[in-house]
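Reading through the structure tokens given below for one structure.
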Amino acid sequence: SVVQPSVGAAAGPVVPPCPGRVRHFKV
Amino acid sequence: APHGPGLIYRQPNCDDPETEEAALVAVDYINQHLPWGYKHTLNQIDEVKVWPQQPFGEMFEIEIDTLETTCHVLDPTPVAGCRVRQLKEHAVEGDCDFQLLKVNGKFSVVYAKCDSSPDSAEDVRKVCRDCPLLAPLNDTRVVHAAEAALAAFNARNNGSNFQLEEISRAQLVPLPPSTYVEFTISGTDCVAKEATEAANCSLLAKKQYGFCKATLNEKLGGEEVAVTCTVFQTQPATSQPQPEGANEAVPTAVVDADAPASYPLGTSEPLSAGSPIDTRVF
């Protein structure tokens, strides 16, 4: 029998730790 | 040099509450130490590294972006109450590196370096084609506008004579041709109406600052100036939390130079210098 190799999957979208959110606007 | 044992550092999320707390301490530090110009507010946290310290504590290395607000650094209004200068007003961005030591849950600034730069003319044009750009502060038209506005203010002012402290910001408006300028003033021991020689006046020991916005319109055969000044309560040596209501902005209206002096709404005479905010409109 042929078995698929187990592939790790991320639980959800990986949020980059930085840079953080823009609070006003970017210049 | 690496901090603490070896090169081990952790990288929390830039939007973590702890990281944001460190960034806000940094922005407070900027606003308390800026010698001139306008207060800044946090816009984005670019990067953060946390190094363990011996024998205890942690060193936060943080890079932040800030944006200029419309509040001058001499204005006692808390930065939370200050409006961010918008793109069409030719915004100014700050780019800062800080090191903050966290001990027993308390941050203290160890190292600070900030650069600020105005937005590009192209970006301003993108959002507002005809909006004026920032002008050099030593432009002769800017200097003349500030001096003419201050002279008009002193001529109408019933209190002490004020001297020019700093030209903070200016724009040359193409249509109608005019110069817009913001500057700070400082109270002297002369009476405004009687001060014939400004050189004979000396600054008050207990500094009393004010912030003015003025427009000088170029007319055929002459010029017209409109100026609004807000005089701040004399500041104690170290900045203290302001009493309730001390920062309430008094609505102001601009009147032409020939009209009799007008007083803040609801009063019939100029506020005494001791009042929290004293706005004189000329």
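Those protein sequences? They're chains A and B, same order as listed.
Numbered as in my numbering, the first sequence ends at 727 without a single skipped number.
Numbered as in my numbering, the second sequence ends at 1601 without a single skipped number.
Ideal Cβ placement from N, Cα and C applies to all residues, glycine included.
Being a predicted model, the structure only gives us computed values, none of them experimental.
By DSSP, does residue i sit in helix, in strand, or in coil?
{"i": "asparagine 1480/B", "result": "strand"}
{"i": "glutamine 1405/B", "result": "coil"}
{"i": "glutamate 1382/B", "result": "strand"}
{"i": "glycine 1413/B", "result": "strand"}
{"i": "aspartate 1442/B", "result": "helix"}
{"i": "glycine 1585/B", "result": "Low per-residue confidence applies at glycine 1585/B: pLDDT is 38, beneath 50, and the placement is therefore not dependable, though the value from the model is reported in the following sentence. Coil at glycine 1585/B, not helix or strand."}
{"i": "isoleucine 1327/B", "result": "coil"}
{"i": "arginine 1475/B", "result": "helix"}
{"i": "asparagine 1332/B", "result": "coil"}
{"i": "arginine 1460/B", "result": "helix"}
{"i": "histidine 1352/B", "result": "helix"}
{"i": "asparagine 1423/B", "result": "coil"}
{"i": "threonine 1553/B", "result": "coil"}
{"i": "threonine 1338/B", "result": "helix"}
{"i": "valine 1346/B", "result": "helix"}
{"i": "alanine 1580/B", "result": "The predicted model places alanine 1580/B with a pLDDT of 40, which falls under 50 and marks its position as unreliable, so this point remains unresolved."}
{"i": "valine 1398/B", "result": "helix"}
Can you find a CB in chain B that lies within less than 8 angstroms of the CB of residue i?
{"i": "valine 722/A", "result": "yes"}
{"i": "valine 727/A", "result": "yes"}
So that I know if they touch, is there some Cβ in chain A lying closer than 8 angstroms to that of residue i?
{"i": "isoleucine 1364/B", "result": "yes"}
{"i": "valine 1367/B", "result": "yes"}
{"i": "proline 1495/B", "result": "no"}
{"i": "aspartate 1347/B", "result": "no"}
{"i": "leucine 1386/B", "result": "yes"}
{"i": "glutamine 1330/B", "result": "yes"}
{"i": "aspartate 1442/B", "result": "yes"}
{"i": "leucine 1361/B", "result": "yes"}
{"i": "aspartate 1438/B", "result": "yes"}
Among the residues of its own chain, which have a CB less than 8 angstroms from the CB of residue i, if the five just before and after it don't count?
{"i": "lysine 1525/B", "result": "Thr1553"}
Residues in the same chain with beta-carbon distance under 7 angstroms from residue i, minus the five sequence neighbours each way, listed in chain order, please.
{"i": "glutamate 1441/B", "result": "none"}
{"i": "histidine 1359/B", "result": "Val1346, Ile1349, Asn1350, Thr1385, Leu1386, Glu1387, Thr1388, Gly1413"}
{"i": "alanine 1410/B", "result": "Leu1386, Glu1387, Arg1404, Asp1438"}
{"i": "serine 1521/B", "result": "Thr1507, Asp1508"}
{"i": "serine 1497/B", "result": "Thr1534, Leu1535, Asn1536, Glu1537"}
When you compare the CB positions of residue i and residue j, do they come within less than 8 angstroms of one another, or not?
{"i": "serine 1479/B", "j": "valine 1429/B", "result": "no"}
{"i": "valine 727/A", "j": "glutamine 1363/B", "result": "no"}
{"i": "leucine 1456/B", "j": "alanine 1489/B", "result": "yes"}
{"i": "alanine 1545/B", "j": "valine 1500/B", "result": "no"}
{"i": "valine 1403/B", "j": "proline 1451/B", "result": "no"}
{"i": "isoleucine 1286/B", "j": "leucine 1361/B", "result": "Nothing can be reported for residue 1286/B, as the shown portion of chain B is limited to 1320 through 1601."}
{"i": "leucine 1343/B", "j": "valine 1392/B", "result": "no"}
{"i": "proline 1331/B", "j": "valine 1367/B", "result": "yes"}
{"i": "serine 1487/B", "j": "phenylalanine 1502/B", "result": "yes"}
For residue i, which residues of its own chain have a beta-carbon under 6 angstroms away from its beta-carbon, when the five flanking residues on both sides are left out?
{"i": "leucine 1469/B", "result": "Leu1483"}
{"i": "tryptophan 1355/B", "result": "Glu1485"}
{"i": "valine 1422/B", "result": "Gly1376"}
Run through chain D and tell me which residues come within less than 7 angstroms of residue i, C-beta to C-beta.
{"i": "aspartate 1334/B", "result": "Chain labels in this structure do not include chain D; the protein chains are A and B."}
**Message:** What are the residues in the stretch 1388–1413 of chain B lying within 9 angstroms of chain A by C-beta distance?
**Reply:** Val1403, Gln1405, Leu1406, Ala1410, Val1411, Glu1412
**Prompt:** What residues in the stretch 1446–1457 of chain B have a beta carbon less than 9 angstroms from any beta carbon of chain A?
**Reply:** none
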